[in-house]
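Single-structure report; data block below.
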Amino acid sequence: MGDNFQTDSRQMLARLREVMAEDGHGQARLDRITALIAQEMRTEVCSVYLFRDADTLELCATEGLKAEAVHQTRMRLGEGLVGRVARTGKQVNTADAPKEHGFRYMPETGEEIYSAFAGVPIQRLGETLGVLVVQSKNARKYSEDEIYALEVVAMVLAEMAELGAFVGDNAPMTARHTKPVMFRCTCVQEGAAEGHVWLHEPRVVITNPIADDPVKERERLHEAVEHLRVGVDKMLATASQGGAEQLEVLETYRMFANSKGWMRRMEEDIERGLSAEAAVEKEQTAARTRLSGATDQYLRERLHDLDDLSNRLLRILTGQGKETGADIPADPILVARNIGPAELLDYGRSLRGIVLEEGSVGSHAAIVARALAIPLVIHANNITTEALNGDLIMVDGDNGMAHLRPEETVLSAFRDKIAMQAQAQEVYASIREKPAITKCGTRMTLTMNAGLMADLPSLEGSGAEGVGLFRTELQFLVRSRMPTRSELSALYSHVLDNAKGKRVVFRTLDIGSDKVLSYMKPNDEPNPALGWRAIRVGLDKPGVMRMQLQALIRAANGRPLTVMFPFVAQYEEYRQARAEMEKTLERERILGHPIPSCIEVGAMLETPSLAFAPRRFFEEVEFISIGGNDLKQFFFAADRENERVRKRYDTLNVSFLTFLQSIVERCKETETPLSFCGEDAGRPVEAVCLAAMGLRALSMRPASIGPVKSLLMKVDLRVVRAEIERAAEDGEQSVRAAVMKYLKTLDK
Ligand code: PEP
Ligand code: MG
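Numbering follows the working numbering, in which position 126 of the sequence shown is assigned residue number 1565; successive positions increment by one, without gaps.
Written out as structure tokens, the structure reads:
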């Protein structure tokens, strides 16, 4: 049957193309298609079920079942065999349908006389649009070839649906990409924004899924794959200095480009009548379906690589580049599967918001989005398949939602929210130049956290009194190679110029744990957060740290310089790091470089151990900054990246606040300046409690300074402290409720 059937399959597609070319509205087309398939496959029934909404499938056309059932018969996702195909994205092929698990027959269709059933999903890029079904009276199982042919037809149907072929009067299907869709996402950067979709990678549109000359199509495919292979080899040749991870990705690309299985499947698809691009997309869809079920991280990454490679191949075949000629909207909201930090920086502040299908809270793109204060949500499932360039979209970074083509009610509620935020911004702007003095007269110092050039404009805009934490590793993270000393020096000098005399605390490289440099050999550590990171790397391999210290001294060029070492867990580490600083200063002096007019060297307190360091440490260190993000994760033994445990322990937990208070007291005894620079400093309620525990300097994201200052100016810290003490005495675990009760009285 093999070869014979393949010819039939081609013929079926050729006739399908004729049907598609004929005039007529969507329903007539679908009716003709089901008749055609039934006839070509010599089977009594052929039906098309399409999604009516996200959970309901509707019989939209049939040859063989009762005509009255069309547009009447509906089933929920997962219901019956059709619902099962739709839910799982996997075919069902059985000679005895009633015996099949989950079978449910629809009496109005008259299908009780049919025993054999085969259903395949109508899918496009991992998204299921419906189900194509054939049925017959005699109890036979459809052959592999027949199923394959059905899949090919289903793929063409999906492609046609995407192009709007089944839309019309009495439409079986509403036009694609027109309905409102809400995506539940994970929040990364707060804020709300309205704008229009800008797809980072516009979709390739396939207008010719069917081809009648397989020889020519095979040639086209081979040429395109060759083109791709040469391109990948070239990338490999130039990327050899780009680090192990990049090489690994490219090697995987090469592996797929040479993969016989991948090629063979695409050639078979062509043999059955698909065009080269449709064959690529069919395999891409299959990979995406597998991807949605894969939990293994390695496998997921490889399937992603295959997906990327298919996109490249589609661009080569169709000649559709990234440039589609479309203009970027004035209010772009970037929609992408994922994006690298450098690409995001290229877009810069022009973006109103960002919605990604993937990514992680600690990713480099997230770091950049935070620096640019652009609302960012991630894990928006399938949004790149659903959204079209220019669609209206709203990003809610506070609640983790994206509303694509929103309904009027959502739109107006969202606009109200944006307006309220704008009002609050006005209030913050009005207190920007005022000192942060609480109602009880306590002067607080509010500084900002930074790390990228993109942060610098916020130094003026936010009212920050300086930079309390400059995360120098961000400059290393957003590059594909190690920056040079002179590059770093120029950059730090630029930062100091922009600070116009305000204090900038440069933290030396804090890599390891969640901050992995693509161009450095990865460490296979069972517990990276507890592993070889930050100052530990700096002291064991001092080359980079020395280079960085030199760059900082040269950047200061006779101006004051403040340097802070991350993740100091014991006194000795601080002493060694400080000694490195002295040595570097001496070397620079000998080399004739100007020495900073004054130097402060501090330590970050990020592990509980340092809070118990000998008094000598507190006397010697010039300042301490509490890195609350790390300190909290070690205090509670709860991974800061793990959503499940991260939120379990409140910062306003009595034990944690008591611990912070003890650090404040130790610093008081030795008059060691103390600040707090973890994320909690930027949360108004938390900031008030930190102040109540005796902290006087807080460093936070620039956008948090307004809200924090505004609340601090209203509170009496003595009352907050009394509330905290009372809650602690009562044995409460968190003081949040007690503090909130007091704060609420301030609004009245
Ligand atoms: C911290 O741990 O609180 C901190 C400020 O450092 P990072 O978040 O960069 O680890
Ligand atoms: Mg830290």
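Backbone N, C-alpha and C fix where the C-beta goes; we use that ideal spot for every residue, glycine too.
Mind checking whether residue i and residue j have CB atoms under 7 Å apart?
i, j, result
"residue 1869", "residue 2141", "no"
"residue 1977", "residue 2033", "no"
"residue 1536", "residue 1579", "no"
"residue 1915", "residue 2002", "no"
"residue 1717", "residue 1742", "no"
"residue 2127", "residue 2154", "yes"
"residue 1656", "residue 1715", "yes"
"residue 1943", "residue 1917", "no"
"residue 1947", "residue 1892", "no"
"residue 1636", "residue 1828", "yes"
"residue 1712", "residue 1449", "yes"
"residue 2158", "residue 2181", "yes"
"residue 1804", "residue 1778", "yes"
"residue 1783", "residue 1807", "yes"
"residue 1552", "residue 1593", "no"
"residue 1508", "residue 1548", "yes"
"residue 1598", "residue 1649", "no"
"residue 2073", "residue 2046", "yes"
Tell me which residues share the same chain as residue i and place their Cβ nearer than 8 Å to its Cβ, disregarding the 5 neighbours each side in the sequence.
i, result
"residue 1824", "1563, 1564, 1565, 1566 and 1642"
"residue 1872", "1902"
Residues in the same chain with beta-carbon distance under 6 Å from residue i, minus the five sequence neighbours each way, listed in chain order, please.
i, result
"residue 2168", "none"
"residue 1920", "1958"
"residue 2091", "2128, 2173, 2174 and 2175"
"residue 1912", "1948, 1949, 1950 and 1954"
"residue 2184", "none"
Check for me: the alpha helix (DSSP H) holding residue i runs from which residue to which?
i, result
"residue 1430", "This structure gives no information on residue 1430, because the portion of the chain shown stretches from 1440 to 2187."
"residue 2028", "2010-2030"
"residue 1556", "Note, residue 1556: premise wrong, no alpha helix (DSSP H); beta strand (DSSP E) at 1555-1563."
"residue 1984", "1981-1995"
"residue 1757", "1736-1757"
"residue 1465", "1465-1479"
"residue 1523", "1519-1527"
"residue 1506", "That residue, residue 1506, is in no alpha helix (DSSP H); it is neither H nor E in DSSP."
"residue 1731", "1715-1732"
"residue 1869", "1847-1869"
"residue 2145", "2141-2151"
"residue 1700", "1699-1710"
Span of the beta strand (DSSP E) holding residue i?
i, result
"residue 1567", "1566-1575"
"residue 1803", "Careful: residue 1803 lies outside any beta strand (DSSP E), inside the alpha helix (DSSP H) at 1803-1810."
"residue 1937", "No beta strand (DSSP E) holds residue 1937; the alpha helix (DSSP H) holding it covers 1924-1938."
"residue 2006", "2000-2007"
"residue 1965", "From DSSP, residue 1965 is part of no beta strand (DSSP E); its letter is neither H nor E."
"residue 1628", "1625-1628"
"residue 1488", "1484-1492"
"residue 2043", "2038-2044"
Please go through the same chain and pick out, in chain order, the residues whose beta-carbon is closer than 7 Å to the beta-carbon of residue i, but skip the five residues on each side of it.
i, result
"residue 2007", "1974, 2013, 2042, 2043 and 2049"
"residue 1470", "1500"
"residue 1904", "1884, 1885, 1886 and 1941"
"residue 1956", "1915, 1916 and 1950"
"residue 1446", "The predicted position of residue 1446 is uncertain, since its pLDDT is 42 and thus under 50; no value can be drawn from it."
"residue 1939", "none"
Using the C-alpha atoms, what's the distance from residue j back to residue i?
i, j, result
"residue 1862", "residue 1491", "41 Å"
"residue 2193", "residue 1530", "No statement about residue 2193 is possible, as the shown extent of the chain runs from 1440 to 2187 and does not include it."
"residue 2061", "residue 2172", "34 Å"
"residue 1689", "residue 1669", "12 Å"
"residue 1589", "residue 1793", "39 Å"
"residue 1845", "residue 2118", "32 Å"
"residue 1766", "residue 2114", "47 Å"
"residue 1660", "residue 1451", "22 Å"
"residue 1847", "residue 1817", "24 Å"
"residue 1965", "residue 1732", "26 Å"
"residue 2093", "residue 1878", "24 Å"
"residue 1640", "residue 1750", "9 Å"
"residue 1394", "residue 2120", "Outside the shown range of the chain (1440 to 2187) lies residue 1394, about which nothing can therefore be said."
"residue 1703", "residue 1479", "25 Å"
"residue 1739", "residue 1849", "35 Å"
"residue 1517", "residue 1569", "12 Å"
"residue 2065", "residue 1842", "38 Å"
(request) Could you say if the region 2074-2085 and the region 2101-2110 meet the contact criterion of at least three C-beta pairs nearer than 8 Å? (result) no
(message) Using a Cβ distance threshold of 8 Å, determine whether the region 1907-1926 contacts the region 1983-1992, with at least three qualifying pairs required.
(response) yes
(request) Say whether the region 1805-1816 touches the region 1623-1634, bearing in mind that this needs 3 or more beta-carbon pairs closer than 8 Å, one atom from each stretch. (result) yes
(request) Indicate whether the contact test is met: 3 or more Cβ pairs, each with one atom in the region 1502-1514 and one in the region 1478-1494, closer than 8 Å. (result) yes
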